Each structure stands twice: as C-alpha cells, then as structure tokens.
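Have a look at the structure below before the remarks.
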Amino acid sequence: MKNLYQYTIKFMLVALLVTVLGSCKKSFLEILPKGRIIASKTTDYDLMLNNLDLINSSHDGQLYLGDEVAALEPNWTGASFREKQLFKYEGDLYTADEDAKETLVPLKALYIYNKIINEVPESTGGTDISKKNVEAEARVGRAWTYFLLINYFGKPYNAATAATDPGFPLITEADVTRKDFERVSVQEIYNLILNDLNTAIPNLINTGVVWRGRVCKATAKGLLAKVYMTMGRYTEALPLLDESISGVTGPGAAVTVSLYNYNTAFPGFPTAVNDFESLYTKNTTNLLVVTSNRTFWLTAEASALFDPADLRLVASNYTSTTLPNGVKLLKRIGTSVSNLGVRLSDLYLMRAEVKARLNDLTGAVNDVVFLRQNRLPAGKQAVPAGIAGAKMPLIQFILEERIREFALQGHRWYDMRRLSVDPLFTTPTYQHKVYNTTGVVSETFTLKPERFVFRFSPKVLGENPGLVNNP
37 MKNLYQYTIK
47 FMLVALLVTV
57 LGSCKKSFLE
67 ILPKGRIIAS
77 KTTDYDLMLN
87 NLDLINSSHD
97 GQLYLGDEVA
107 ALEPNWTGAS
117 FREKQLFKYE
127 GDLYTADEDA
137 KETLVPLKAL
147 YIYNKIINEV
157 PESTGGTDIS
167 KKNVEAEARV
177 GRAWTYFLLI
187 NYFGKPYNAA
197 TAATDPGFPL
207 ITEADVTRKD
217 FERVSVQEIY
227 NLILNDLNTA
237 IPNLINTGVV
247 WRGRVCKATA
257 KGLLAKVYMT
267 MGRYTEALPL
277 LDESISGVTG
287 PGAAVTVSLY
297 NYNTAFPGFP
307 TAVNDFESLY
317 TKNTTNLLVV
327 TSNRTFWLTA
337 EASALFDPAD
347 LRLVASNYTS
357 TTLPNGVKLL
367 KRIGTSVSNL
377 GVRLSDLYLM
387 RAEVKARLND
397 LTGAVNDVVF
407 LRQNRLPAGK
417 QAVPAGIAGA
427 KMPLIQFILE
437 ERIREFALQG
447 HRWYDMRRLS
457 VDPLFTTPTY
467 QHKVYNTTGV
477 VSETFTLKPE
487 RFVFRFSPKV
497 LGENPGLVNN
507 P
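Be aware that the sequence shown starts at 37, since it is given in our numbering, and climbs by one per residue.
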C-alpha cells in the first residue's frame, strides 16, 4: 500500500504540472520550484477530481464470479491462471511479485480522495461553498472506493456480525510514510461510507448530472441507496432512490440522463462521456465481452431467461452457440469495459426490488415494466400475472431482470453476496460449470462461504505485515 501511494504522488504531481503550467505565467515559476506544482488553490483540488484514474480501472475479479457465467472448452483449457482461479472460486490469485488488480488502482484513488478531503478546506482562492462542494465530491468518491474494497475483502454485510467481521484498513489520511495498516471491522468501514455520503449530500452544489465523471446530489443519493440496500435497510433506501431518479435532470444538470429505448434506437457503444444511462462512471476492464473471447459465456440457465424478442440481445450484440447435444449458450459482445458506477437502469431495478420487499407490489411492477418498455417490444413487456401479485416470485423476477440487464457485467456478484445473508432466501448454492465441446458439463465448482471474500495478494501482505489474511 505504501508503494502504491508513492506511485500515486508522482502521478498526481505530473498531472498537476501539466494542467497548471499550461496556463501559468512566468512570474508563477519564479515563486514555486520549477518542475513541481504543489496543490494550494481550490481549483487545483477541483482538477484532481478529473483524474482518469478515478474513472478507469482494472479491478475485474467480480466479472468471473457471477453464477451467470459459464466456461466452454476447448478455450477453458487455455485460460489464464488468474481467470481459472477466480472461476473455480479459489482464494489465491497472484504470484509473489504480482500487483493485485483489486487494490492497485483503487488505492491510488483513495490517496487522491483523502488528499482532497484533508487539504481543500484550507485551500486558497475558493469560496466556502466551492470548497465544501469539492470536498463533498471527494467524499462520495472515497465512499464508492471503500464500498468496492469492502465487497472484495469483507464478508457480506450482516448486522449481527459486522462489528467483528474483519474488513479493510481504515485509511483517511494521505500519508505515504504510514506502514501500520491493520484491518478494522466491516461495520467500521460501512460507518465511514455512510458518514461520507451523508456529510457530502448537503454540500453538493448540483442536484442534476453535470458530467458523468463528477458527482451531484442525484449520484450521491443513488449510491447511498445502494449501500443501504446492501445492508438490508430497505426503508431508508426507498426515498433516496426516489430522489435520485427524479433528481437526474434537476438544477445544475448539463447532460442527458435517460433510458435508451431499444424500440426506437440502439445506443451502440457510447463512451463514458456520452452514455445517457450513466450518472457516475466507474469503468473497469471487461475482457469477457470482447469478440475474441470464446472462453466465457452465459450459462444455459441464464441464457434461457431471455425472451427471443428481447431487444437487449440485439442492442448488446449477443452471439450464441448451440452445442452438439442441443445446449444453447448466449454471449454478450461489447467494448472491453463495464461501468460499476451509478446507472439509471440499476436505480429503477433497485427501486423495484425495494418496493417489492416493502410490499408495494404495484409500485414494484410499475418500475420493472418501465424498464422493460425500453428493452422489449410491445406485447412482451408485462410481468406475468401470476408473478406480479406475489411478493417472493416478484422479487425473484426482478433479480432475474437484473441478470438480463447486466449479464457478464459483474453486477451479479454483488447480488449473490447480499442474497447469501438475506433472511428471505434459504442459503443459495452457487456453482460454475465448464461445458465440454459436446455440451456436457465436464467440471463443476461450488462457491464456499469463505470465498465470498478475496484474499490479499502475497505482495500486499509482504509490504504490510500487520494485515491478517482471509481464510
């Protein structure tokens, strides 16, 4: 962690040097040392929030863990060591000298967010309102980063055990000299996340989305709702989801945020800046969906969830293969990124599920149908009558809609984690299957409870001897 922080400082100084020197005068160079710019103005800290390392990352482990993913021979044999270990639900993913994708970029981001939070209140040239807004944006970014990390290294949130379940080191200072990193509890990390978001929301200037790489009230409320939902606090999540969805076009909005209607046009593969459905872009590498990857597919069960008329099959360039024994597998094809930030379709599906859990079945149906009206043709959009009026079947239908909407995008792993401690569900069994070239399942890997968490890599443990690893 220390080494990662040192790398981040060098990167950030270079970024500030390029940004600030591009518009500075000669007299400025006579005051500050040449070759180094130290952030001091409020605008300096504001510019840090545009760092692309805060938008793009490579933490892709969750993509391989969802139970909607299957592997297919002969390509499975040639998969990388890490891909195989993830798919087999094994704990050790890295060799002694490898950097772990789960911590490399997120810890760089954490350093930047901490630096802004700690220093922008004393910066020069900004109003109190602008300083609080920059700090608030950094707090939301830190909350998102910690939410990511705790979903890697901490057990699924359980109110009865969270105070004793090992979490992640609590890092709130931008201090590269610190070496004494030790894990705090899952509850302490969630306390930090909740405090950051609740502190940030009142201080954010804009309600609507100004730019998809930056934060507004609608973004922060959507993220806070997701955190509450993960904690099983559905009553608290619902009003935040209402305010997030209604707020995307609120005061300050400068970009379009709306669902694409696949009945009228397909979005293609929009960039992070142009994706209408994104409120807050947090991209990660996704090699499962690239055209050349023929190793990982949707399972036969997940493939069967799609109506043949589902327009997502066209919009996301799905391909299929029918194996000699008749087993049919689907595969989503797209650009090599997934957005794990805040998305409008996710907000609607979260609200539908929360309403169903709170016994507002009509409201839940309305939300999921609203999404389906933008994804399927007329006559295919309704929730089946036998499901719409029954709580548990409706919740299950919404969870399956999440698979249809986010197949091979990494979202399913987070659903699996929270469902594993959900009292409404008996302990589910999650498995991965490898299909041989004839369509027969040749290998099956079952997710064990201890593998709902990642293990720290040997390199991270070597640099931080105070860390205790997960089993």
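Glycine residues also receive a C-beta, built at the ideal position from the N, C-alpha and C atoms. On a predicted model such as this, the values are computed, not experimentally measured, just so you know.
Residue range of the beta strand (DSSP E) that includes residue i
i, result
"residue 368", "Element bounds for residue 368: n/a, residue is neither H nor E."
"residue 468", "467–471"
"residue 219", "219–221"
"residue 105", "105–108"
"residue 204", "202–205"
"residue 320", "319–321"
"residue 478", "477–482"
"residue 356", "355–358"
Reference residue i, options the options, closest by Cα
i, options, result
"residue 377", "501, 151, 254 and 232", "254"
"residue 360", "97, 474 and 152", "474"
"residue 496", "488, 312 and 505", "505"
"residue 287", "272, 252 and 217", "252"
"residue 274", "390, 241 and 500", "390"
"residue 182", "481, 242, 232 and 304", "232"
"residue 103", "443, 498 and 476", "443"
"residue 237", "174, 491 and 307", "174"
"residue 146", "395, 212, 434 and 456", "212"
"residue 307", "223, 464 and 373", "373"
"residue 83", "281, 310, 111 and 151", "151"
"residue 583", "178, 242, 388 and 204", "No answer is possible for residue 583: the residues shown for the chain start at 37 and end at 507."
"residue 403", "430, 101 and 457", "430"
"residue 328", "91, 111 and 92", "111"
"residue 265", "481, 489 and 454", "454"
"residue 161", "227, 90, 132 and 76", "76"
"residue 301", "411, 132, 227 and 499", "411"
"residue 280", "315, 247, 309 and 246", "315"
"residue 193", "470, 452 and 484", "452"
"residue 398", "215, 426 and 176", "426"
"residue 472", "234, 157 and 358", "358"
"residue 153", "198, 89 and 239", "239"
"residue 456", "485, 137 and 189", "485"
"residue 490", "177, 283, 190 and 124", "190"
"residue 501", "88, 78, 109 and 216", "216"
Euclidean distance between Cα positions of residue i and residue j
i, j, result
"residue 270", "residue 276", "10 Å"
"residue 503", "residue 207", "13 Å"
"residue 449", "residue 382", "14 Å"
"residue 13", "residue 417", "The structure shown does not extend to residue 13, since the chain is modelled only from 37 through 507, so no value can be given for it."
"residue 259", "residue 180", "8 Å"
"residue 332", "residue 367", "8 Å"
"residue 460", "residue 375", "29 Å"
"residue 303", "residue 350", "11 Å"
"residue 297", "residue 348", "10 Å"
"residue 432", "residue 96", "26 Å"
"residue 387", "residue 421", "20 Å"
"residue 292", "residue 249", "14 Å"
"residue 155", "residue 499", "27 Å"
"residue 114", "residue 107", "11 Å"
"residue 346", "residue 80", "47 Å"
"residue 101", "residue 395", "31 Å"
"residue 481", "residue 128", "15 Å"
"residue 483", "residue 166", "47 Å"
"residue 447", "residue 143", "21 Å"
"residue 320", "residue 94", "5 Å"
"residue 463", "residue 209", "39 Å"
"residue 42", "residue 214", "Confidence at residue 42 is low in this model, with a pLDDT of 46, below 50, so its placement is unreliable and the value that follows should be read with caution. In a straight line, the C-alpha of residue 42 is about 11 Å away from that of residue 214."
"residue 226", "residue 187", "11 Å"
"residue 85", "residue 202", "30 Å"
Distance cut-off 7 Å: residue i Cβ against heavy atoms of the ligand ADP
i, result
"residue 155", "The ligand ADP is not part of the structure shown, which contains no ligands of any sort."
For residue j and residue i, believed in contact at Cβ under 8 Å, the rounded distance
i, j, result
"residue 336", "residue 295", "Between residue 295 and residue 336 the Cβ distance is about 29 Å, and since that is not below 8 Å, they are no contact."
"residue 439", "residue 338", "6 Å"
"residue 324", "residue 99", "5 Å"
"residue 244", "residue 289", "3 Å"
"residue 134", "residue 493", "7 Å"
Span of the alpha helix (DSSP H) around residue i
i, result
"residue 336", "336–339"
"residue 350", "348–351"
"residue 441", "427–442"
"residue 496", "494–499"
"residue 513", "With the chain represented from 37 up to 507, any question about residue 513 goes unanswered, as that position is not in the structure."
"residue 78", "78–84"
"residue 455", "447–455"
(message) To test your reading of the DSSP string, which unbroken alpha helix (DSSP H) runs of 4 or more residues are found completely within the stretch 125–164?
(response) 140–155
(request) Kindly provide the ranges of any alpha helix (DSSP H) runs that are 4 or more residues long and lie completely inside the stretch 229–316, ordered along the chain. (result) 253–266 and 270–283
(message) I'd like the ranges of any alpha helix (DSSP H) spanning at least 4 consecutive residues and lying wholly in the stretch 373–420.
(response) 380–393 and 397–409
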